[in-house]
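Q: Taken in order, these protein sequences are the chains called A and B.
The opening position of the first sequence corresponds to residue 4 in this note's numbering, with each subsequent residue numbered one higher.
The opening position of the second sequence corresponds to residue 4 in this note's numbering, with each subsequent residue numbered one higher.
By construction, the Cβ of each residue, glycine as well, lies at the ideal position given by its N, Cα and C atoms.
There's a structure below that I have some questions on.
2 protein chains.
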Amino acid sequence: MSRLLDLGPLLNPRSIAIIGATPDATRVGGRPLAFLRRYGFEGTIYPVNPRYQEIGELPCYPDVASLPETPEMAIVALPAAAVVEVIGDCNRRGVPAATIYTSGFSEIGAEGKALEAELRAAAGEMVICGPNCQGVANFHDRVVSNWTSALGRDDMVAGPIGFVSQSGLFGGLIAAKCIERGLGLGYLVSSGNEVVLDFADVLAHMAADPRIEVVAGYLEGVRDGRKLEAAAEVARANDKPIVLLKVGRVEESARAAASHTGSMTGAYEVYRAAFRQWGIIEVDDIEELVDVTEVFARRAPRPKGDRVGILTNSGGIGVFCADKVREAGLRLAEFEPRTVAAITEHLPTFGAALNPVDVTLQTLTDPDAVGRHIEHMMRDDGVDAVVTFFGVQWLKIDEVVAMLDRARWVADKPLVVSWGQGDPEAPRRLRELGIPAYDDPLKAIKAVRALRALALNQSRPAIDVAPVDSAEAAAAAVLLRERLVEGPLDEAGAKAVLEAAGLAVARRGLATSEAAATELILGLRRDPTFGPVLLLGTGGVFVETLGDAVLGLLPLDRGQAVAMVQALRSYPMLQRARGRAEADIEAVVEALLKLAALALAAPEIQELDINPLIVRAAGHGAVAADALIRTEANREQRE
Amino acid sequence: MSRLLDLGPLLNPRSIAIIGATPDATRVGGRPLAFLRRYGFEGTIYPVNPRYQEIGELPCYPDVASLPETPEMAIVALPAAAVVEVIGDCNRRGVPAATIYTSGFSEIGAEGKALEAELRAAAGEMVICGPNCQGVANFHDRVVSNWTSALGRDDMVAGPIGFVSQSGLFGGLIAAKCIERGLGLGYLVSSGNEVVLDFADVLAHMAADPRIEVVAGYLEGVRDGRKLEAAAEVARANDKPIVLLKVGRVEESARAAASHTGSMTGAYEVYRAAFRQWGIIEVDDIEELVDVTEVFARRAPRPKGDRVGILTNSGGIGVFCADKVREAGLRLAEFEPRTVAAITEHLPTFGAALNPVDVTLQTLTDPDAVGRHIEHMMRDDGVDAVVTFFGVQWLKIDEVVAMLDRARWVADKPLVVSWGQGDPEAPRRLRELGIPAYDDPLKAIKAVRALRALALNQSRPAIDVAPVDSAEAAAAAVLLRERLVEGPLDEAGAKAVLEAAGLAVARRGLATSEAAATELILGLRRDPTFGPVLLLGTGGVFVETLGDAVLGLLPLDRGQAVAMVQALRSYPMLQRARGRAEADIEAVVEALLKLAALALAAPEIQELDINPLIVRAAGHGAVAADALIRTEANREQRE
């Protein structure tokens, strides 16, 4: 795995030089001093600017060389043309870290790319954030030198959220949303063009900080997929969720991302596979990013299963919630009879005690009774999480808040509240009590889904990366190289290599009637960001059109290979299709693992397709009926 | 088509009796008088309650018989046990319409169902809203007798939105959200158990009112799908969009809906097909319901194509928007060179003039220049709609609002604004100017999608319901009845009927190698709500697992049949798959139309399956290789 950087000097320096400092706090060069002071930075600040003797009652120095000590971090707010030289000065002086706000590097094209290469060379071993970024903030240690205007306010408290963004404004937007919800930020890092430090370094640093509960980010792309994997492992080891919004999903938008921060994004499908495999929680939009981050920040318990109990004061919203629970991949809980009986006993005539529970007007007439209903649901062994909704509630807010605060302690299960168009005081006070409270019931359900995803991720067994006979793969690689001397591989050559790698292959013309259920396609691709990627799809003529394909990153262990097969939409068909026998699923898993070993042993394979892989009845194996291997050499020849 | 009711007396009566009136405005029986007066009802109000001589300075009557004139509408706020008798009184007195708030009917089970049947009988020809509802409100004519507390406020103005809800509280929630956004409601109707009037009647009435721009609703289910179709036709004829949130999508939640208002919902997939076929815009959640309703209420122009131009002050949000445009089924516009040149000329160095346009800090430094960029985009012939996003904008709000208001007039295209965590004054003023403004860029994109859906719906050709030779279908129906005398149909019998209906059939054992690309499945089902439904799916062993199936309601015209084939995920494969010839798509369309005619001619067919339908190369037809027909008689025998 790639090495993660030590961000200590960058994110918690004892002294900071501001190079390009100005007394005008509305300008980018003036904001760091203002923010460092506003947030109470306790270390030493050295303004650097030859045009001033003093800035903000601090002595101002003409250059880095004249500083009285070597600062731990330098903030650079200079025009692009001056940056390389000053970073060289810092490097020579031994400054370990720098934040470069300046734009005009790889994001502007060829000229900027060249300048960025010079910058990288000048940096030596320095840890650098940026260029083309809004900087870094570590609120717990009062090191706030991120210049987003979202931080220019007095109600910001240090808290459990670490946020890293490849878009500067996006970070400011998230910060403002968190403040609005009473959520404290621990870190806010704008990583910009990532000339040295990258997105994964920041994720890992934040995940390792015990003051942080949840690590979230806005991601356009990473250059080194393996660092992202390493960061995910740090988060997993520290029992922290990573929540990401990945943009640049389609080709046009990936191009736009490239012009934005100069980032190159690989195929979105590969990112999705990586997120799933490494336990990173992906969200779909801006609101969901904040909503999911909030539920983790509130330290909500993690559900032990997927069965959700719903209580509302609106039958209609109850039905809506039941739909959304299913669409979120969760289940509607079935209450124990005693729960139904206990709720029924104290429910108004026109309410409903089955899940979803509809208390109608009872939150207006008797909030305590509603609290007891919720407690019965929390105690029910058939319920893993409870979602409530109270619509148009303006009365008895004290009682409603108090009963929710009591109910959540009766079991170690999440209680997630939603609120619709009532007194805004209620959700504000619920949040103060640490209860996740949303302005929409769908948000509450998505929050439960995220809690469940984290619980599943934390409970999966450790990866076992050496499950197959690598000697076979090594022999296959040797055979491949021998064949390549004679020229590009034909089908027979490809089959010979696969056979050497331990896969079963067949002559042309194998009757498809031997297939137990379906035909699969098995493939290997090389992704520029993530390396070798396996593809398993429902095959035949359907594969391209129906898109029933699952990707897997390497190394791949048996559990992950099994998960790939189970993720196929055609999996139920493999299990037992239309009265036929169960297909040999175990043989598909073996084929995936052997292909994974081959991919690692023979890096010259650029693309490999087994189409179809004929899957026979259980115990009778899976056979590659046709195969194609492309290496760099014959790829060029064919295209 | 089923008959729609005349709701004039219910929604715009000149006189109203409140039966069960009380002086206490906090009670359900007291609220109608309070709200009718608050909203300025100009007709006569007759409180009815034997316990009072006078309520609110109006003479109070002991019963319906003693009223000095026959009121046009009666509001009933009595216990369930008293409702049937009083509705009988109203019917005898000749009261044309009533609203029954009372709960305790079919939603509580068998006993309530029996009471509801009595109520229906007592109503005679009366138009009734409810029971188990929050009542009706017609704001333009000041008839507000919906008792939701959301209307107990002074900032409610009559406006262009008609809303009907099968959940009372949901209606109140939507009303509150509209008021919050400065949107005026024209109607708010809670339809409850729909003992007489149903959801479709209300949709149609609102759609025909020239003061209404958009008709929206919360739907659990309808009993008569044909009335919904009739309402959709009224909306289409009046050029009004219908926007619906349909709940009860999955089995458990449909059960919950049944216990909520006693509504029976058919299969969600059939509703979806109905919505698509009839041009009803379906939304997915509460926020989207309000967002889409808003864009229609603001009378935004309808886009002539699907190409979206994006302008933001954040490169990151721009990339996000580009993703979401594609995910919404829209396209990212490609600007004309002169547009790019004109924008580039006045853009800051680090901005981007290609779509998405990133103006970075220019909305702070020079909002007028940003306005000119938007005008260039609006004028570009390659752009059908423009979406903007301004994040964390606190300065120069006057200029930003003014430049947006200028830009939207330069072309007859929608300009939809989004806003992120800046001065709330800006979106408020934009809304006052009639500009759709959202607090999230995704909402703006979904609004454009809805505008585009409406434009497409309004531009589709009129339905031609008699495209096939019905003589063939009639002959097939005669043959079917002859065969049924001998007993249930076997495969040969089913094929004979299909052949008589004009479809090509084959003996068993037709080689699948004759198929040009794939095998399809063609089916017919009877839905309790919507009647006969055709199913077209990608066949073979894949049909159940891969779920590539499209439904079509009858009557089905050629255009709709073509749309069904095009909606298959496998459609590209039918067009030209893996080097094979194009499949005979025209023959699939013909088969659909002939099956549609058969379904109408032979209502005794309960289920019909052609699996597979072998589709040959273009010009060579499509052949039913296997077929099954079930009628009531043989269904019982087989199951």
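Using a Cβ-Cβ cut-off of 8 Å, state whether A/Asn316 counts as contacting chain B.
A: Counting from 1 along the first sequence, the entry for residue 316 of chain A is found at position 313. A/Asn316 counts as touching chain B.
Q: In the structure shown, what three-state DSSP assignment does A/Val31 receive?
A: Sequence index remark: in the first sequence, residue 31 of chain A carries index 28 (1-based). In this structure, A/Val31 counts as coil in the three-state DSSP scheme.
Q: Against chain B, does A/Gly394 count as a neighbour if the rule is that its beta carbon must be under 8 Å from one of theirs?
A: The count along the first sequence starts at 1 and reaches residue 394 of chain A at position 391. True, the Cβ-Cβ gap to chain B drops below 8 Å.
Q: Let me know the secondary structure DSSP gives A/Arg581 once reduced to three states.
A: Taking the first residue of the first sequence as 1, we reach residue 581 of chain A at position 578. Since pLDDT at A/Arg581 reaches only 49, below the 50 mark, its modelled position is unreliable, and the value read off the structure follows with that caveat. A/Arg581: coil per DSSP, three-state reduction.
Q: Does A/Ala628 get closer than 8 Å to chain B when you measure Cβ to Cβ?
A: Along the first sequence, one-based indexing puts residue 628 of chain A at 625. With 8 Å as the cut-off, A/Ala628 does not count as an interface residue toward chain B.
Q: Kindly say whether A/Leu206, judged by its beta-carbon, lies nearer than 8 Å to any beta-carbon of chain B.
A: Position 203 of the first sequence, counting from 1, holds the residue named residue 206 of chain A. Not an interface residue.
Q: For A/Ala503, is the classification buried or exposed, using 16 other Cβ atoms within 10 angstroms of its Cβ as the cut-off for buried?
A: To locate residue 503 of chain A, count along the first sequence from 1; it is residue 500. Buried, since its Cβ has 16 or more Cβ neighbours within 10 Å.
Q: Measuring straight from C-alpha to C-alpha, what distance separates B/Arg156 and A/Leu457?
A: The residue given as residue 156 of chain B occupies position 153 in the second sequence. The residue given as residue 457 of chain A occupies position 454 in the first sequence. C-alpha separation (whole angstroms): 44 Å.
Q: Please give the ranges of any beta strand (DSSP E) in the region 186 to 215 of chain A, keeping only runs that are unbroken, at least 3 residues long and fully inside the region.
A: 188 to 193
Q: Looking at chain B, is there any beta carbon in it that lies within less than 8 Å of the beta carbon of A/Phe142?
A: Within the first sequence, numbered from 1, the residue matching residue 142 of chain A stands at position 139. The Cβ of A/Phe142 sits no closer than 8 Å to any Cβ of chain B.
Q: Nearest by alpha-carbon distance to A/Val451: which of A/Ala331, A/Gly321 and A/Gly385 is it?
A: For the purposes of this step, residue 451 of chain A is taken as residue 448 along the first sequence, with counting starting at 1. The shortest C-alpha separation from A/Val451 is found at A/Ala331.
Q: Would you identify the three-state DSSP class for B/Pro62, choosing helix, strand or coil?
A: Your numbering for residue 62 of chain B matches position 59 in the second sequence. Strand.
Q: How many Å lie between B/Gln169 and A/Gly622 at the Cα?
A: Numbered from its first residue, the second sequence carries residue 169 of chain B at position 166. Numbered from its first residue, the first sequence carries residue 622 of chain A at position 619. Computed Cα separation, rounded: 55 Å.
Q: Measure from the alpha carbon of A/Pro359 to the alpha carbon of each residue in A/Asp369, A/Ile320 and A/Ala345, then state which is nearest.
A: Taking the first sequence and counting its residues from 1, the one referred to as residue 359 of chain A is at position 356. Cα-wise, what sits closest to A/Pro359 is A/Ile320.
Q: For B/Ala697 and B/Leu538, what's the separation of their Cα atoms in angstroms?
A: As displayed, chain B neither begins before 4 nor continues past 642, which places residue 697 of chain B out of reach and without an answer.
Q: Which term fits A/Pro439, buried or exposed, when burial requires 16 or more other beta carbons within 10 angstroms of its beta carbon?
A: By 1-based counting over the first sequence, the position of residue 439 of chain A is 436. Buried, since its Cβ has 16 or more Cβ neighbours within 10 Å.
Q: Note down the Cα distance separating B/Gly437 from B/Ala344, rounded to an integer number of angstroms.
A: Sequence index remark: in the second sequence, residue 437 of chain B carries index 434 (1-based). Sequence index remark: in the second sequence, residue 344 of chain B carries index 341 (1-based). Straight through space, the alpha carbons of B/Ala344 and B/Gly437 are spaced by roughly 31 Å.
Q: Examine the Cβ distances between the region 38 to 49 of chain A and the region 95 to 112 of chain A and report whether three or more of them are shorter than 8 Å.
A: They do not touch, by the three-pair rule.
Q: Of all Cβ atoms in chain A, is any one closer than 8 Å to the Cβ of B/Ser256?
A: The residue you call residue 256 of chain B lines up with position 253 of the second sequence. Closer than 8 Å: yes.
Q: Pick helix, strand or coil for B/Arg305, following the three-state DSSP scheme.
A: As a first step, residue 305 of chain B must be located in the second sequence, where it is residue number 302. In this structure, B/Arg305 counts as coil in the three-state DSSP scheme.
Q: Pull up the distance between the alpha-carbon of A/Thr73 and that of B/Pro430, whole angstroms please.
A: For this step, residue 73 of chain A is matched to residue 70 along the first sequence. For this step, residue 430 of chain B is matched to residue 427 along the second sequence. Straight-line Cα distance between these residues: approximately 49 Å.
Q: Name the chain B residues whose beta carbon is nearer than 8 Å to that of A/Gln169?
A: For the purposes of this step, residue 169 of chain A is taken as the residue at position 166 of the first sequence. Neighbours of A/Gln169 on chain B, chain order: Gly319.
Q: Just verifying my parser: in three-state terms, what is the DSSP assignment at A/Cys132?
A: Position 129 of the first sequence, counted from the start, is the residue given in the question as residue 132 of chain A. A/Cys132 falls in the strand class under three-state DSSP.
Q: Which residues in the same chain have their Cβ closer than 7 Å to the Cβ of B/Phe2, if we skip the five residues on either side of it in sequence?
A: Given a span of 4 to 642 for chain B in the structure shown, any question on residue 2 of chain B remains unanswerable.
Q: In angstroms, rounded to a whole number, what distance separates the CA positions of B/Met76 and A/Pro351?
A: What you label residue 76 of chain B is simply residue 73 of the second sequence in a count that begins at 1. What you label residue 351 of chain A is simply residue 348 of the first sequence in a count that begins at 1. If I take the Cα positions, the gap works out to 30 Å.
Q: Go through its chain and collect everything with a Cβ distance to A/Arg184's Cβ below 8 Å, but skip five positions before and after it.
A: The sequence position of residue 184 of chain A within the first sequence is 181, counting from 1. Result list for A/Arg184: Val293, Glu297 and Arg434, in chain order.
Q: For the 8 Å Cβ check, are there 3 or more pairs between the region 142 to 158 of chain B and the region 119 to 128 of chain B?
A: no
Q: Which residues does DSSP pair with B/Thr391 in a beta bridge?
A: Walking along the second sequence from the start, residue 391 of chain B turns up at place 388. For B/Thr391, which the question treats as bridged, DSSP gives the partners B/Leu314 and B/Val420.
Q: Got a sec, what are the start and stop residues for the beta strand (DSSP E) A/Pro615 sits in?
A: Translated into the one-based positions of the first sequence, residue 615 of chain A becomes position 612. First-last of the beta strand (DSSP E) with A/Pro615: Ile608 to Val618.
Q: Please compile the residues from chain B whose C-beta is within a distance smaller than 8 Å of the C-beta of A/Glu223.
A: In the first sequence, counting from the first residue as 1, residue 223 of chain A sits at position 220. What A/Glu223 touches in chain B: Gly319 and Val322.
Q: For my contact list, B/Ile377 and B/Val389 are in at a C-beta cut-off of 8 Å; report their separation, rounded to the angstrom.
A: Working through the second sequence from its first residue, we reach residue 377 of chain B at position 374. Working through the second sequence from its first residue, we reach residue 389 of chain B at position 386. Right, their Cβ atoms sit about 6 Å apart.
Q: For the candidate residues B/Ile19, B/Pro491 and B/His349, whose alpha-carbon lies nearest to that of B/Glu610?
A: Within the second sequence, residue 610 of chain B is the residue found at index 607, counting from 1. If we check each option's Cα against that of B/Glu610, B/Pro491 comes out closest.
Q: Rounded to whole angstroms, what's the CA-CA distance from A/Ala590 to A/Arg561? Just pull it up for me.
A: Taking the first sequence and counting its residues from 1, the one referred to as residue 590 of chain A is at position 587. Taking the first sequence and counting its residues from 1, the one referred to as residue 561 of chain A is at position 558. Taking the straight line from one Cα to the other gives about 12 Å.
Q: Would you check if there are 3 or more beta carbon pairs closer than 8 Å linking the region 188 to 208 of chain A to the region 129 to 144 of chain A?
A: yes
Q: When DSSP labels each residue in this structure, what does B/Tyr274 get in the three-state scheme?
A: One-based indexing of the second sequence puts residue 274 of chain B at position 271. Helix, per DSSP.
Q: Pick from B/Gln280, B/Arg305 and B/Phe338: whose alpha carbon is nearest that of B/Ala570?
A: Working through the second sequence from its first residue, we reach residue 570 of chain B at position 567. Checked all of B/Gln280, B/Arg305 and B/Phe338; the closest Cα to B/Ala570 is B/Gln280.
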